[in-house]
Every structure is written in structure tokens, then in C-alpha cells.
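Visitor: Handing you this structure, nothing more for now.
2 protein chains.
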Amino acid sequence: MTTCAAQTSPRKRAGNGAVQRNDADEVGLDALVGHAGYAVRRFQIWIFQDFIKTLGEVDIRPTQYSVLTVIGANPGLSQMAVAKRLGIERARLVHLLDSLEQRRYVKRIKSKTDRRSHALYLTAPGAAALSKFKRLAAEHERHVEAKLGRENRQHLLRILADFT
Amino acid sequence: MTTCAAQTSPRKRAGNGAVQRNDADEVGLDALVGHAGYAVRRFQIWIFQDFIKTLGEVDIRPTQYSVLTVIGANPGLSQMAVAKRLGIERARLVHLLDSLEQRRYVKRIKSKTDRRSHALYLTAPGAAALSKFKRLAAEHERHVEAKLGRENRQHLLRILADFT
DNA sequence: TATTGTTATACTCTATAACTATA
DNA sequence: TATAGTTATAGAGTATAACAATA
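Those protein sequence lines, which keep their order, are chains A and B.
For the first sequence, counting from 1, position 81 maps to 81 in the UniProt record's numbering; every step adds exactly one.
For the second sequence, counting from 1, position 96 maps to 96 in the UniProt record's numbering; every step adds exactly one.
Structure follows, in C-alpha cells:
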């Protein structure tokens, strides 16, 4: 990953109007520097890739991890409640739960009180698996700390606390 | 968006093993709190939605904006160079440029020196349009500042500077 | 042989709409 | 009528592989 200082005008522009090619490593970003969204997007790509790689041996992706974590911490939750809490579409959660149920990590139990809804639970193997996932996720988090620095990571979490 | 304090054990768990349902607003996140990736993902969703909304009147999305900005700042760049700089697949850039070229914002000129590659330029209307997009993007950035606070936004940019 | 742009495929994710069975 | 879960579709975005033209 290259670092690129802010600049307000094109770099290495030829004065005579000729075509001026740049190497990829020295391509200016102009207005992109200073956009929080751009930095956040690039960081998110890096962090998700590290998460996917670190949890690759157990084949768990960030969204699956978040679903298992919320169910583990809130047994009996409905699909709507999980979807709302994580900000994912309920239609999408259906497929996520299908795959987690096929892997025997999660059970859908018909609710007695509202027969439209399902209460969600981890299975015993699911709970055991989640423990392992959490250890691997903690390892991933140490990669983040190594990348950002301890202070910066904690400050980042404080700055973004309202979004969790 | 709700705020949720850190917690290490399930909230409102019934001691008798009975089904315990929670309202969506008080669903615990357990291990998700403390994960930088989760906070960053939620923030990125918020920031992209605001960008898309703020630039909705001109129908420009974040990726399109980043492509136009890089071409504007580095005229004559090849597709490979743009793709590398922005971290997008060259196959994906083909479609992005197709749509930007159809809208007459961008030109692909066959390179004289390497006839495999295209040199990319903004058209005159494309350059004028980009100026307007930049004004709207600055407005979006003020929304980010209002959301995070001035100091926090600047600190965030410093923390993530290596990823741009 | 390697690279540039292109086409194609597949899978993830987001955003909708519509359907069913309940409430 | 409204809501929970489901199914389906369409559009981004990501990740590949393969191909033609060119280096």
C-alpha cells in the first residue's frame, strides 16, 4: 500500500500539452485525500481481508461471525431483531441462517407466543465453534493493532462508538 | 442508530432457562464491541449512504467519483494504473469507464507508445461536471464532520492516512 | 512470455417487491 | 391492516479465468 501526500494540482503535468504518463506508485489522488469515506473504504477492505484470511481455516466471514455473536449473546432472538441490530436486510438474513443452520451452528425454533416468528439459538456445537471463532477474531484484532498502533486503534474505536 | 455499551455477558438472560426475548433496541453485541472491523463497517455504510444521497442529484456514486478524481488529477493515465491506484479490478474498471464514457465525462484515447493501452482524459464537460461533484462531495464531508466532530474527523484521517 | 483491455462467470451484498401465514 | 419469514429479482462490488492484440 502506498502513501500519498495531499496535493491540490496534478503532479508531473507536462507544460507542453504532451501526454504525460505516471507510474502507478506516484499517481496523485487530488481531492480524494481529505475524504473520510475514501480512507474508511480502503481500511475496511484491508480489515475484512485480514479477517477472512485469519478465519479462513474455519470458513467464517465477518457477517456470519456477527450473526453468531449476536445470537450467542441474545438467545431466543427473532430474525427481525437480529437483522435490525446488525443493519442487514431480513431477506438476506434468511440465506445467512440457512447456511449456518446447514452447518449445525444455529437452530430456528418456532416461537410459541408469536407463531410467525422463529427464536434463534446456537446449538451446542455452534457454541463451541463460536468460542474458537472468537479466539481467531481476537488474533485478527491483534493484526489490526499491529497495523494501526495500540493508541490509534483504541482512539478509532472511541470515535466510531456511536456506529456500533 | 442506537448506542450500545460494551458487555461481556448476555443481557437479561433468564436464570431458569426459559426463552428470553429482547427488544431490538437492547440487543447486546457481546464480542462485536471491541472489533474495529465492525465499527468501521457500520461507519462505512453510513458514510456511503450519505455520499450517495448528497450526490444523488448528479447520480454519482463513490467509486465513480474516485475514478473521475484520479483521472482529473492525472490525465493520460492507463486503465491499469487507475485500477491499481484505486484498488479495483481492471475488469470492473472497464464497465465503470463504459458508463462514464457514455455520459461523455471521460475519453479513452489509444496510446501511441503502447498500442495495447488507453490513455484516459476528462472531456471538457467532464471536467466541469467534476467541479460540481467536488462541491457536493465537500458538502458531504461537512456532514461527516457534523456527525463525528471536527477533531475526531481529523484524527480519523490521520489514523487511516496509510490506507489512502 | 508477459501485459492491456476485454468478456464472461460466480459469488457476496444491497435494495426491492411480492407472497404466506399469522397477528 | 400490519408484521415475520420467505422467495425472487436487479444492481453494485469482488474474484477469477480466458481471450485477442500487443509488447
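Ideal Cβ positions, reconstructed from N, Cα and C, are used throughout, including at glycine.
Grab me the residues of V94 (chain A)'s own chain with a C-beta within less than 8 Å of its C-beta, minus the 5 sequence neighbours each way, in chain order.
Guide: Same-chain partners within the cutoff: Q79.
Visitor: Given this structure, state the Cα-to-Cα distance separating L157 (chain B) from I47 (chain A), to the nearest angstrom.
Guide: The alpha-carbon atoms of L157 (chain B) and I47 (chain A) are separated by roughly 16 Å.
Visitor: Does the distance from the C-beta atom of F43 (chain B) to that of F163 (chain A) stay below 8 Å?
Guide: Yes, the pair counts as a contact, with Cβ atoms nearer than the cut-off.
Visitor: Thinking C-alpha only, which one of A:H143, A:A146, A:G149 and A:G76 is nearest T123 (chain A)?
Guide: Measuring from the Cα of T123 (chain A), the nearest candidate turns out to be A:G76.
Visitor: Starting from R108 (chain A) and walking both ways along the beta strand (DSSP E), at which residues does that stretch end?
Guide: Looking at the DSSP string, the run of the beta strand (DSSP E) that includes R108 (chain A) is V106 to K110.
Visitor: Below 8 Å on the Cβ atoms is my contact criterion, and I expect V27 (chain A) with V106 (chain B) to pass it. Report the Cβ-Cβ distance as a whole number of Å.
Guide: That belief does not hold up - the Cβ atoms of V27 (chain A) and V106 (chain B) are roughly 16 Å apart, past 8 Å.
Visitor: Taking all protein chains shown into account, do 16 or more other C-beta atoms lie within 10 angstroms of the C-beta of G72 (chain B), making it buried, or fewer, making it exposed?
Guide: G72 (chain B) comes out buried.
Visitor: Under a CB-based cut-off of 8 Å, is T54 (chain B) close to chain A?
Guide: No, T54 (chain B) lies away from the interface with chain A (no Cβ there is under 8 Å from its Cβ).
Visitor: Which residues bound the beta strand (DSSP E) around L148 (chain A)?
Guide: No beta strand (DSSP E) contains L148 (chain A), which is instead part of the alpha helix (DSSP H) from A124 to L148.
Visitor: On the DSSP letters alone, give me the boundaries of the alpha helix (DSSP H) that P75 (chain A) sits inside.
Guide: Segment: none, P75 (chain A) is in no alpha helix (DSSP H) and carries neither H nor E.
Visitor: Please determine if the stretch 143-156 of chain A and the stretch 98-116 of chain A are in contact, where contact requires at least 3 C-beta pairs separated by less than 8 Å.
Guide: Taking 8 Å as the limit for Cβ pairs, the verdict is that the stretch 98-116 of chain A does not touch the stretch 143-156 of chain A.
Visitor: Can a CB atom of chain A be found closer than 8 Å to the CB of R153 (chain B)?
Guide: R153 (chain B) counts as touching chain A.
Visitor: Mapping the DSSP letters down to three states, classify H118 (chain A) as helix, strand or coil.
Guide: DSSP places H118 (chain A) in strand when its eight states are reduced to three.
Visitor: Does G56 (chain A) pass the burial test, meaning 16 or more other C-beta atoms within 10 Å, or should it be called exposed?
Guide: Flag for G56 (chain A) reads exposed.
Visitor: Within its chain, find whatever has a CB closer than 6 Å to the CB of S117 (chain A); leave out the 5 residues flanking it on each side and keep chain order.
Guide: Excluding residues within five positions, the ones whose Cβ falls inside 6 Å are S78 and S111.
Visitor: Are L86 (chain B) and S99 (chain B) close, meaning C-beta to C-beta below 8 Å?
Guide: Not closer than 8 Å, so no.
Visitor: So with Cβ pairs under 8 Å, would you call L160 (chain B) a contact of chain A?
Guide: Output row for L160 (chain B): interface = yes.
Visitor: By the three-class DSSP mapping on this structure, what secondary structure does H95 (chain A) have?
Guide: Three-state result, H95 (chain A): helix.
Visitor: Evaluate E89 (chain B) with the Cβ neighbour count: other Cβ atoms within 10 Å of its Cβ, from every protein chain shown; 16 or more gives buried, anything less gives exposed.
Guide: Exposed, because fewer than 16 other Cβ atoms sit within 10 Å of the Cβ of E89 (chain B).
Visitor: Please identify the residue among A:A127, A:Y121, A:I52 and A:A36 whose C-alpha is closest to the C-alpha of L97 (chain A).
Guide: That would be A:Y121, whose Cα lies nearest to the Cα of L97 (chain A).
Visitor: Taking K134 (chain B) as the query, report the chain A residues whose CB atoms sit under 8 Å from its CB, ordered along the chain.
Guide: Correct list: A31.
Visitor: By the criterion of Cβ-Cβ separation under 8 Å, what are the contact partners of A137 (chain B) in chain A?
Guide: Residues of chain A passing the Cβ test: A31 and H35.
Visitor: When we look at the beta-carbon of A18 (chain A) and count the other beta-carbons within 10 Å, is it buried (16 or more) or exposed?
Guide: Its pLDDT being 35, under 50, A18 (chain A) is placed unreliably in this model, and the coordinates cannot settle the point.
Visitor: Whole angstroms is fine: what's the gap from R115 (chain A)'s alpha carbon to L68 (chain A)'s?
Guide: The alpha-carbon atoms of R115 (chain A) and L68 (chain A) are separated by roughly 23 Å.
Visitor: Heavy atom of the ligand PLP less than 7 Å from the Cβ of L96 (chain B), yes or no?
Guide: What this structure holds is no ligand at all, so the ligand PLP is not there to describe.
Visitor: Do you know how far the Cα of A128 (chain A) is from the Cα of K53 (chain B)?
Guide: Cα-Cα distance, rounded: 43 Å.
Visitor: For T123 (chain B), decide whether its Cβ has a neighbour in chain A, counting only Cβ atoms nearer than 8 Å.
Guide: No, T123 (chain B) does not count as interfacial toward chain A.
Visitor: From what residue to what residue does the alpha helix (DSSP H) around D59 (chain A) run?
Guide: D59 (chain A) -> no alpha helix (DSSP H), and no H or E assigned at all.
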